[in-house]
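Visitor:
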Amino acid sequence: MAEIIVDSKAFQGAVKSISKKIFNDNHNISDFAVIGIQRKGVFLAKRIISEIANLAGVKESKILFGTLDITLHRDDLDNFESDMPIIKDTDIPFDLSRKNIILIDDVLYTGRTVRAALDVLTDFGRPKSIRLAVLVDRGFRELPIEAKYVGVKYESKKFIKVDCKEADGEDKVFIS
Amino acid sequence: MSLNCKDLLGLEHLDKKDLQTILDSVKPFKDLFTRSVKKAPTLIGKTVVTLFYEPSTRTRNSFEIAAKRLSADVVNVTVGTSSVVKGESLIDTGKTLEAMKADYIIIRHSLAGSPDILARNLNASIINAGDGFHEHPTQGLLDLYTMYEKKKRFEGLKVLLVGDIIHSRVAKSNIWALTKMGAEVAVSGPPTLIPEDIKDLGVKVYYDLDEAVKNADVVNILRIQLERQQENLFPSVHEYVELYQLTKERLGLAKPGVLIMHPGPMNRSIEISSDVADSKNAVINEQVTNGIAVRMAVLYLLKKRKNASSN
Numbered sequence: 001m002a003e004i005i006v007d008s009k010a011f012q013g014a015v016k017s018i019s020k021k022i023f024n025d026n027h028n029i030s031d032f033a034v035i036g037i038q039r040k041g042v043f044l045a046k047r048i049i050s051e052i053a054n055l056a057g058v059k060e061s062k063i064l065f066g067t068l069d070i071t072l073h074r075d076d077l078d079n080f081e082s083d084m085p086i087i088k089d090t091d092i093p094f095d096l097s098r099k100n101i102i103l104i105d106d107v108l109y110t111g112r113t114v115r116a117a118l119d120v121l122t123d124f125g126r127p128k129s130i131r132l133a134v135l136v137d138r139g140f141r142e143l144p145i146e147a148k149y150v151g152v153k154y155e156s157k158k159f160i161k162v163d164c165k166e167a168d169g170e171d172k173v174f175i176s
Numbered sequence: 177m178s179l180n181c182k183d184l185l186g187l188e189h190l191d192k193k194d195l196q197t198i199l200d201s202v203k204p205f206k207d208l209f210t211r212s213v214k215k216a217p218t219l220i221g222k223t224v225v226t227l228f229y230e231p232s233t234r235t236r237n238s239f240e241i242a243a244k245r246l247s248a249d250v251v252n253v254t255v256g257t258s259s260v261v262k263g264e265s266l267i268d269t270g271k272t273l274e275a276m277k278a279d280y281i282i283i284r285h286s287l288a289g290s291p292d293i294l295a296r297n298l299n300a301s302i303i304n305a306g307d308g309f310h311e312h313p314t315q316g317l318l319d320l321y322t323m324y325e326k327k328k329r330f331e332g333l334k335v336l337l338v339g340d341i342i343h344s345r346v347a348k349s350n351i352w353a354l355t356k357m358g359a360e361v362a363v364s365g366p367p368t369l370i371p372e373d374i375k376d377l378g379v380k381v382y383y384d385l386d387e388a389v390k391n392a393d394v395v396n397i398l399r400i401q402l403e404r405q406q407e408n409l410f411p412s413v414h415e416y417v418e419l420y421q422l423t424k425e426r427l428g429l430a431k432p433g434v435l436i437m438h439p440g441p442m443n444r445s446i447e448i449s450s451d452v453a454d455s456k457n458a459v460i461n462e463q464v465t466n467g468i469a470v471r472m473a474v475l476y477l478l479k480k481r482k483n484a485s486s487n
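Right under this line is the structure:
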């Protein structure tokens, strides 16, 4: 049986509160950009953009948005036992130099995904800053990486899965 | 997403799903080309050896660029200056390269089946870069990718191959892969350069090029090797040009959006007229760009996994 950690209401509340905090730190929306890590981070990034657009009273399209896939920069490709991962789109359709980047992922655990994502970002240019926002921080970091914006803290070595309405029909975080 | 094999020897033995897997993997690599840093660390610390027993600049360079964009180290073995001229056998050369810890060996050889011999004797991943008249799988894949990118489908796509079919490994790889993907393949050329049993592969034969181009969505023109004329396989270059050069006039018979492809190097004014090669229908340079991305995808998909290391 799946053990639910965050239900749909708390999920949406967490997205709202992350968005609010990001907006409070970044009132000038013209110099920041939101980039989602494939795949669930992309859905969360879109929602956060929509919340921030609301708070700022602008159209969503005014906020710079990108997607990022870390596959080619992973540090564990040599240890893969089965299929090579499918590479999804990295699409950053703007110059990220001198931008404040908010990087979005669903779960923060070892920090290795974020390490790879930072490498991808620096291949595109030299942002002014990069901050990390995650829905769930499950602890047990293996690298010196922390999130500035965290929806829920839930320390666990068990595999935590995030379902989103866009992909799974329902918002929830659970141990499978 | 993977190929369930350690080598890429040909397209004949890949099924539709494998072909689709490779084609679906290409775009992320092509996307890299538009960044300021065109490189990813995916194959860092891996060694790629190119072992070419036949002259080639384009294919070898394309593999070298592909491997370097994935951060692999590349060693080019030039056969004219290596132990091969001292009589070392193919397997021994391969074993020597493996003892130097080559992870990939990319081989071109005039004898069909040479890559297969290496693959059976070595743990390294072997990629066939052209073997005799047999296959040239990465050229076939880049041709398919270019067609798919432009035409968005294979089902019912009418592809015409023109020229020396019998000696062309590019034609063989195209035919194996295209027919599996559901395209309708036709060939056109002098009867002496078209194998009799080609129809068994589900390919239509036209000896009249004017007739053949009318229906085509894609025309893939093969290079005429001028030495074939000395073998009396066609009477004269002049006659070949008259009957089988793709000219502006012949292009006029085809559909307006027809794609013109050529694997290179081109003999301008022989198999293709210059105005056709430079026309807006031609995607010849895009084939070259796509070739790098396709070869990166192949290197990526053949990357050794833990449980495959004993293969």
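Chains as they are written, first to last, in the numbering used here: chain A, 1 to 176; chain B, 177 to 487.
The C-beta atom is built at its ideal place from N, Cα and C for all residues, glycine as well.
1. Using a Cβ-Cβ distance under 8 Å, would G125(A) count as near chain B?
2. Using the beta-carbon count (16 or more within 10 Å), is F140(A) buried or exposed?
3. Output yes if chain A places a C-beta closer than 8 Å to the C-beta of T314(B); else output no.
4. For a contact defined as C-beta to C-beta under 7 Å, what are the partners of T269(B) on chain A?
5. Could you name the residues of the same chain whose beta carbon sits closer than 6 Å to that of L298(B), not counting the 5 residues immediately before and after it, in chain order?
6. In terms of alpha-carbon separation, which member of I29(A), F43(A) and D25(A) lies closest to D168(A)?
7. Are the segment 426 to 442 of chain B and the segment 29 to 46 of chain A touching, with three or more C-beta to C-beta distances below 8 Å?
8. Look up K153(A) in the DSSP assignment and give the residues it is bridged to.
9. Taking F94(A) as the query, report the chain B residues whose CB atoms sit under 9 Å from its CB, ordered along the chain.
10. Closer than 9 Å between beta carbons: that is the criterion. Which residues of the segment 78 to 93 of chain A meet it against chain B?
11. Would you check if the segment 246 to 258 of chain B and the segment 225 to 234 of chain B touch, i.e. whether three or more CB-CB distances between them fall below 8 Å?
12. Taking Cβ-Cβ distances shorter than 8 Å, what residues in chain A pair up with S212(B)?
13. Label N54(A) either buried or exposed according to how many other C-beta atoms from any shown protein chain fall within 10 Å of its C-beta, with 16 as the threshold for buried.
14. Would you report the Cα separation of Y383(B) and V363(B), rounded to the nearest angstrom?
15. Using a Cβ-Cβ cut-off of less than 8 Å, give me the residues of the segment 461 to 479 of chain B that come near chain A, in sequence order.
16. In chain order, what are the residue ranges of uninterrupted alpha helix (DSSP H) at least 4 long that sit wholly in the segment 224 to 269 of chain B?
17. With DSSP run on the structure shown, which of helix, strand or coil describes T67(A)?
18. Between which two residues does the beta strand (DSSP E) carrying Y420(B) extend?
19. Excluding the 5 residues flanking R236(B) on each side, which residues of the same chain have their C-beta closer than 6 Å to its C-beta?
20. In the DSSP output, what is R131(A) paired with across the bridge?
21. Name the one or two DSSP bridge partners that Y383(B) has.
22. Against chain A, which members of the segment 213 to 245 of chain B pass a CB distance test of less than 7 Å?
23. Within 8 Å (strictly less), CB to CB, does D207(B) reach chain A?
24. Is the separation between the beta-carbon of R138(A) and that of L108(A) shorter than 8 Å?
25. For a contact meaning CB atoms closer than 9 Å, what does L72(A) contact in chain B?
26. I want to know whether the segment 338 to 347 of chain B touches the segment 369 to 379 of chain B - three or more CB-CB distances under 8 Å.
27. Closest by CA to D146(B), which one among K277(B), L402(B), M323(B) and D319(B)?
28. Under the rule that 16 or more other beta-carbon atoms within 10 Å means buried, what is Q463(B), buried or exposed?
29. Reducing DSSP to helix, strand and coil, say where V173(A) ends up.
30. Determine whether the Cβ of S412(B) lies closer than 8 Å to any Cβ atom of chain A.
31. Would you mind sorting N28(A) into buried or exposed? The rule is 16 or more other CB atoms within 10 Å of its CB.
32. Using a Cβ-Cβ cutoff of 9 Å, what residues of the segment 48 to 69 of chain A are near chain B? List them in chain order.
33. For A394(B), which option in L287(B), A216(B), I281(B) and G332(B) has the closest C-alpha, if you only look at C-alpha atoms?
Guide: To lay it out plainly:
1. yes
2. exposed
3. no
4. Going along chain A, no residue has its Cβ under 7 Å from T269(B), so there is no contact; the nearest lies around 27 Å.
5. G270 and E274
6. F43(A)
7. no
8. D137(A)
9. Near F94(A) there are no residues of chain B at all, since even the closest Cβ is about 13 Å away, more than 9 Å.
10. D78, N79, F80, E81, S82, D83, M84, P85, I86, I87, K88, D89, T90, D91 and I92
11. yes
12. D123, F124 and G125
13. exposed
14. 8 Å
15. Y476, L477 and K479
16. 234 to 245
17. strand
18. Unbroken run through Y420(B) is the alpha helix (DSSP H), V413 to Y420; no beta strand (DSSP E).
19. T226 and F228
20. I102(A)
21. Answer is none; Y383(B) lacks a bridge partner.
22. V213, A216, P217 and T218
23. yes
24. yes
25. P204, F205, L208, A216, P217, T218, L246 and Y476
26. yes
27. Coverage of chain B is limited to positions 177 through 487, which leaves residue 146(B) absent and any answer about it impossible.
28. buried
29. strand
30. no
31. exposed
32. D69
33. The residue you asked about is not Ala; residue 394(B) is Val in the sequence shown. It is G332(B).
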